[in-house]
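Per this note's numbering, the sequence shown starts with residue 8, numbered consecutively. Some notes on the structure that comes next.
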Amino acid sequence: MDGVTVIDHPLVQHKLTIMRKKETSTAGFRRLLKEISTLLCYEVTRDLELTMERIETPLEEMDSPVLEGKKLVFASILRAGNGLLEGMLELVPSARVSHIGVYRDHETLQPVEYYFKAPDGLNERLVIVVDPMLATGNSSIAAIDKLKERGARNIRFLCLLAAPEGIRNFQSAHPDVAIFTAAIDRHLNEKGYIVPGLGDAGDRMYGTK
Ligand code: URA
């Protein structure tokens, strides 16, 4: 699928299988989510630009690569997106974090924002929007609408599972935003759940129902 990278690393696939199992506990699910998010973060940042910096090792001077540009932003779509943040921040501790609470009004179909916090200079930063499940795509579309209104131009979307219907909806709204996912499942059911999926990601990570 154009514009979609499926992260097929064996460790990612193995951990995802355990997360899908209904008998996996809340504690186990959360631990796996943290581990898998570190691996996903590694893949979504694999082509970041580097610049050379003059440094001194204990032996001599050399030009050595460092990340170019302003600090990354990890933008979490509340609440399930927060489950991906911890592992990602372990890998990129200097990243800035944005939290976005948004939903699409069923009648007007307009995005309703109930929370938005982001660092300055969104127009100069790579923003990686995170939400474990790309289901209908409506909340991620709305969150990215809000980020773009505040100037973000360079955006990627990272999730754990995606539904084909959600990918199509997302790409028609934001064709410029690359999607990274660990798997594309079969379809959405009538309640908007990804099938076979893993259930409600928020409930599974926080032990709510
Ligand atoms: N959100 C979830 O947490 N799970 C789904 O299957 C779909 C949306």
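Every residue, glycine too, gets a C-beta built ideally from N, C-alpha and C.
Host alpha helix (DSSP H) of residue i (start-end)
i           : result
residue 95  : 89 to 98
residue 172 : 171 to 180
residue 14  : Premise fails: residue 14 is in no alpha helix (DSSP H) and is neither H nor E.
residue 185 : Counting along the chain, residue 185 falls outside any alpha helix (DSSP H), though it belongs to the beta strand (DSSP E) covering 185 to 188.
residue 44  : 33 to 51
Cβ distance (whole Å) where residue i is taken to contact residue j below 8 Å
i           : j           : result
residue 137 : residue 185 : Going by Cβ atoms, the distance from residue 137 to residue 185 rounds to 13 Å, so no, they are not a contact pair.
residue 143 : residue 13  : Actually they are not in contact, since the Cβ atoms of residue 143 and residue 13 sit about 20 Å apart, beyond 8 Å.
residue 22  : residue 93  : So it is not a contact: roughly 15 Å between Cβ atoms.
residue 202 : residue 192 : 6 Å
residue 190 : residue 90  : At roughly 16 Å, the Cβ-Cβ gap does not stay under 8 Å, so residue 190 and residue 90 are not in contact.
residue 44  : residue 78  : Not really, about 18 Å apart at Cβ, beyond 8 Å.
residue 125 : residue 105 : 4 Å
residue 165 : residue 51  : 5 Å
Among the options, nearest to residue i - alpha-carbon criterion
i           : options               : result
residue 85  : 72, 110, 205 and 103  : 110
residue 11  : 195, 55 and 183       : 183
residue 62  : 56, 24, 179 and 71    : 71
residue 99  : 25, 65 and 47         : 47
residue 175 : 158, 145 and 197      : 145
residue 120 : 56, 108 and 127       : 108
residue 68  : 30, 114 and 60        : 60
residue 76  : 199, 173, 132 and 194 : 132
residue 200 : 114, 171, 25 and 177  : 171
residue 161 : 26, 179, 198 and 55   : 55
residue 194 : 31, 157, 173 and 177  : 173
residue 127 : 25, 157 and 115       : 157
Cβ pair residue i, residue j closer than 8 Å
i           : j           : result
residue 218 : residue 169 : Because residue 218 is not part of the residues shown, which for the chain are 8 to 216, the question remains open.
residue 181 : residue 151 : yes
residue 214 : residue 58  : no
residue 123 : residue 155 : no
residue 8   : residue 87  : no
residue 159 : residue 130 : yes
residue 139 : residue 96  : no
residue 53  : residue 80  : no
Opening and closing residue of the beta strand (DSSP E) in which residue i lies
i           : result
residue 61  : 57 to 63
residue 212 : Where residue 212 is concerned, there is no enclosing beta strand (DSSP E), although the alpha helix (DSSP H) it sits in stretches over 208 to 213.
residue 161 : 161 to 165
residue 142 : No beta strand (DSSP E) contains residue 142, which DSSP labels as neither H nor E.
residue 71  : 68 to 74
residue 101 : That residue, residue 101, is in no beta strand (DSSP E); it is neither H nor E in DSSP.
residue 82  : 80 to 84
(request) Let me have the residue list for the ligand URA: C-beta closer than 5 Å to any non-hydrogen atom, ordered along the chain. (result) 140, 142, 200, 201, 204, 207 and 208
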